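Listed in order, the protein sequences are those of chains G and S. Going by this note's numbering, 348 is the number at position 348 of the first sequence; the sequence numbering is gapless. Counting the second sequence from 1 gives a position; this note's numbering is that position plus 1000. The beta-carbon is built from N, C-alpha and C at its ideal position, and this holds for glycine as well. None of the values given here were measured: they were computed from a predicted structure. Written out below as structure tokens is the structure these notes cover.
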Amino acid sequence: MKKEWLHIWRDPRTLFILIFMPVVQIILYGFALTTEVKNANIAIYDQSKDEATLEISHEIAASRYFNLVKNLNSYKQIGETFRQGNTRMVIVFPANFRNDLLHTNSAQIQLIADASDPNTANTLTNYASSIISYYQQSLNNNEQLPYTIKAQVRMLYNPELKGAYSFVPGVMALVLMLVCAMMTSIAIVKEKEMGTMEVILVSPLKPFRIIIAKTVPYLLVSLMNIITILLLSIYVLDVPIVGSITLLMVESILFTLTSLSVGILISNSAQTQQTAMFTAMMSLFLPTLLFSGFMFPIENMPWPLQVISNIVPSKWYYIIVKNIMIKGLGFEAVWKETLILVGMTAALFGISIYKFKIRLA
Amino acid sequence: MAPIEKVITANNLTKRFGDFIAVDKINFDVNKGEIFGFLGANGAGKTTAMRMLCGLLMPTSGEATVAGFDVYKQTEQIKKNIGYMSQKFSLYEDLTITENIRFYAGIYGLNDAQIKEKTAILIKQLHLEGEEKTLVRALPLGWKQKLAFSIAIVHDPAIVFLDEPTGGVDPITRREFWGLIYEASARGITIFVTTHYMDEAEYCNRVSIMVDGRIDALDTPANLMKTFAADSMDEVFLQLARKAVRTGD
């Protein structure tokens, strides 16, 4: 038993995992990873601006679930707002809301939600509906004739609220990250383990060429993966590709390159296949799952985790795929994310080439 | 007799890792076509010295040339002119014999015709006819070793560096392996070999013995035995190695 303690103490990595994993997990699952939605960005298009609509707007804006970011002035702006991508829901009050309510005893409110993330969309419309019905009840307390306010819900992009709509982009990010990063890092480290890397290093091959030769096959495998996933999603899951397939493929190749560079980077520091695999899991798989926004909405996380989520490449790729594939947006909607990925790739690739040790120092 | 051509020269070659002096001002020359044994206990600095010569490690100080090229500035040229076989054989276990040959010949820039020709010669030399499509994994250790050596010299380098090439192999296979080394040497390839086996040291033209990062003895095996009044290289080695302060790897 004493021997086992010594093993644990002398291996800082095991020690780290043993002590910090529970802490990290508790914090993550406790605070960050709730599917509950808080502070979702919404916009309001109020065409009547009367007492009633203002009061409802006020109630909604005051709720901790919503964060009113914009007041819109035309229908055209609704589309624009969604295209920008930060707004989860738009609430539309028709003209003469209060008049209708007072004279016909019924009125309508339209809730338009971005259902490319179906869970969030569902939750948000439910919250909004309950705030509205609460308001309705408070009116009815003082009146003989019951008022009814009908919330008409419209799910944008994904009218049937299919989980696959958010699942497919997430899986694409996950698979590409895993195949590329894990496989390349394992492939390079395997050569180190077998001693063949030493021989290759003694040969006149340039590091750049070694890296390219090591990555291109995995790039092709990943491309096949992308195509398979897309075909499956179209024909089996009925998730259409609304936007440009070419753009989607180009962005996917870009993300593949990002993942490959991450893989090379891992292989530079890892000495055994096991370490490489472990590092890849810890640094890629989990963050992709947690921070890409595909399982858990990022807005709900405390700000330190939101900051961390920004350095996870999958987050940006996930946004890109969703925008192109589900929302059918063009390059103008994803250029920022694309630029971030290009930057990340260039930096990672640069570091890995630089660190790739031509001398086994 | 023509003047002896020196293919490796080392002049006060030193490598430090922090405070630790792995290789301490070693001096030696290796002549063309020679089989040069590089002996030493574990941790004496053999591998470090060899890596500096192969261009894998940058020396801390001193000078050295390999095949006439400087180890500081001309590692690219050095790499083109040497072959290298590591302790681990460094063949791809999941590739066939011919695929391994193809790959290594390819990274040394041989063209397809040359590779084809070399492959045929190699297969014949190693009596591997009919085994071309066998995965290296399935070969006995001794064959892997011989194959690895043949591949290390597939591009006819000026010098081949062998890092403990015969570890874990039975005496008969070792003898066969040395047969290959002699053949290569007869073709004019200089052999630089590290080993633990003192019987192998006796196969070398000249040997150097490293103790604690220094070269304590360098001569032909016969002369060394005379100098140390020993009956075998084993005894020579033990006399020197006992002085060592450093132990183990």
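Check: Given this structure, state the Cα-to-Cα distance separating HIS362 (chain G) from ILE149 (chain G), to the nearest angstrom.; Outcome: In the structure displayed, chain G extends from 1 to 361; residue 362 (chain G) sits before or after that span and is not available.
Check: As a quick exercise: from S:ILE1021, S:PHE1038, S:ALA1022, S:THR1098, pick the residue whose alpha carbon is nearest that of PHE1028 (chain S).; Outcome: S:PHE1038
Check: At which residues does the alpha helix (DSSP H) containing SER48 (chain G) begin and terminate?; Outcome: From DSSP, SER48 (chain G) is part of no alpha helix (DSSP H); its letter is neither H nor E.
Check: State yes or no: is the beta carbon of TYR1021 (chain S) nearer than 8 Å to at least one beta carbon in chain G?; Outcome: Here residue 1021 (chain S) turns out to be Ile, not Tyr, going by the sequence shown. Not closer than 8 Å to any Cβ of chain G, the Cβ of ILE1021 (chain S) fails to qualify, so no.
Check: Tell me which residues share the same chain as PHE331 (chain G) and place their Cβ nearer than 7 Å to its Cβ, disregarding the 5 neighbours each side in the sequence.; Outcome: LEU247
Check: How many angstroms separate the CA atom of GLY1109 (chain S) from the CA atom of LYS1079 (chain S)?; Outcome: 12 Å
Check: When burial is assigned at 16 or more other CB atoms within 10 Å of the CB, is GLY1045 (chain S) buried or exposed?; Outcome: buried
Check: Let me confirm a value: LEU18 (chain G) is counted as buried when at least 16 other C-beta atoms fall within 10 Å, else exposed. Which label applies?; Outcome: exposed
Check: Does PHE66 (chain G) come out as helix, strand or coil in the three-state DSSP assignment?; Outcome: strand
Check: Anything in the stretch 161-194 of chain G with a Cβ closer than 9 Å to a Cβ of chain S? List those residues in chain order, please.; Outcome: GLU191, GLU193, MET194
Check: Can a CB atom of chain G be found closer than 8 Å to the CB of THR1065 (chain S)?; Outcome: no
Check: Near LYS322 (chain G), which residues of its chain fall below 6 Å by C-beta distance, leaving aside the five closest residues on each side in sequence?; Outcome: SER116, PRO169
Check: With a threshold of 8 Å between beta-carbons, can THR196 (chain G) be considered close to chain S, or not?; Outcome: yes
Check: Should the stretch 335-351 of chain G be called in touch with the stretch 127-140 of chain G, which here means at least 3 C-beta pairs below 8 Å?; Outcome: no
Check: Pull up the CB-CB distance for PHE1149 (chain S) and LEU1180 (chain S), whole angstroms please, since I reckon it's below 8 Å.; Outcome: 6 Å
Check: So, at 8 Å on beta carbons, what are the nonlocal neighbours of TYR354 (chain G) in its own chain, with the 5 sequence-adjacent residues on each side left out?; Outcome: none
Check: Report the rounded CA-to-CA distance for ILE1209 (chain S) versus VAL1169 (chain S), giving the unit in angstroms.; Outcome: 22 Å
Check: Can you give me the C-alpha to C-alpha distance between LEU290 (chain G) and ALA276 (chain G), rounded to a whole angstrom?; Outcome: 20 Å
Check: Would you verify that the beta carbon of ASP1249 (chain S) is, or is not, closer than 8 Å to some beta carbon of chain G?; Outcome: Unreliable placement is indicated for ASP1249 (chain S), whose pLDDT of 46 sits below 50; no coordinate value is reported for it.
Check: Could you tell me which chain G residues have their CB closer than 9 Å to the CB of GLU1131 (chain S), listed as they occur along the chain?; Outcome: Neighbours of GLU1131 (chain S) on chain G: none; closest Cβ ~20 Å, over 9 Å.
Check: Look at the alpha carbon of MET177 (chain G) and the alpha carbon of VAL153 (chain G), and state the distance between them as a whole number of angstroms.; Outcome: 36 Å
Check: Quick one: grab the DSSP three-state call for TYR1084 (chain S).; Outcome: strand
Check: Quick one: any contact between the stretch 234-250 of chain G and the stretch 195-209 of chain G, if contact means 3 or more CB pairs under 8 Å?; Outcome: no
Check: Under 8 Å: do the stretch 211-225 of chain G and the stretch 171-190 of chain G share three or more Cβ pairs, one atom per stretch?; Outcome: yes
Check: Report the rounded CA-to-CA distance for LYS315 (chain G) versus TYR75 (chain G), giving the unit in angstroms.; Outcome: 30 Å
Check: Could you tell me the distance, in whole angstroms, from the CA atom of ARG1051 (chain S) to the CA atom of MET301 (chain G)?; Outcome: 51 Å
Check: Less than 8 Å between the beta carbons of LEU1135 (chain S) and ASP1094 (chain S), yes or no?; Outcome: yes
Check: Please classify GLU1164 (chain S): is it buried, with 16 or more other beta-carbons within 10 angstroms of its beta-carbon, or exposed?; Outcome: buried
Check: Considering only the alpha carbon of each residue, which of G:ALA61, G:GLU36, G:VAL90 lies closest to ASN299 (chain G)?; Outcome: Here the sequence assigns Glu to residue 299 (chain G), which means Asn is not the residue at that position. For GLU299 (chain G), the nearest C-alpha among the options comes from G:GLU36.
Check: Apart from the five residues just before and just after SER261 (chain G), which ones in its own chain have a Cβ nearer than 7 Å to its Cβ?; Outcome: THR345, LEU348, PHE349, SER352
Check: At the level of alpha carbons, what is the spacing between ALA1105 (chain S) and LYS190 (chain G)?; Outcome: 21 Å
Check: State the start and end residues of the unbroken beta strand (DSSP E) segment that holds TYR156 (chain G).; Outcome: Just to set this straight, residue 156 (chain G) is Leu in the shown sequence, not Tyr. Residues 148-156.
Check: Counting along the chain, where does the beta strand (DSSP E) carrying GLY79 (chain G) start and finish?; Outcome: From DSSP, GLY79 (chain G) is part of no beta strand (DSSP E) but of the alpha helix (DSSP H) over 75-84.
Check: On the DSSP letters alone, give me the boundaries of the alpha helix (DSSP H) that ASN140 (chain G) sits inside.; Outcome: 118-140
Check: Give the residues of chain S in contact with PRO204 (chain G), contact being defined as C-beta atoms less than 8 Å apart.; Outcome: GLU1076, LYS1079, LYS1080, ILE1107, TYR1108, GLY1109
Check: Express the C-alpha separation of PHE1036 (chain S) and LYS1118 (chain S) in angstroms, rounding to a whole number.; Outcome: 26 Å
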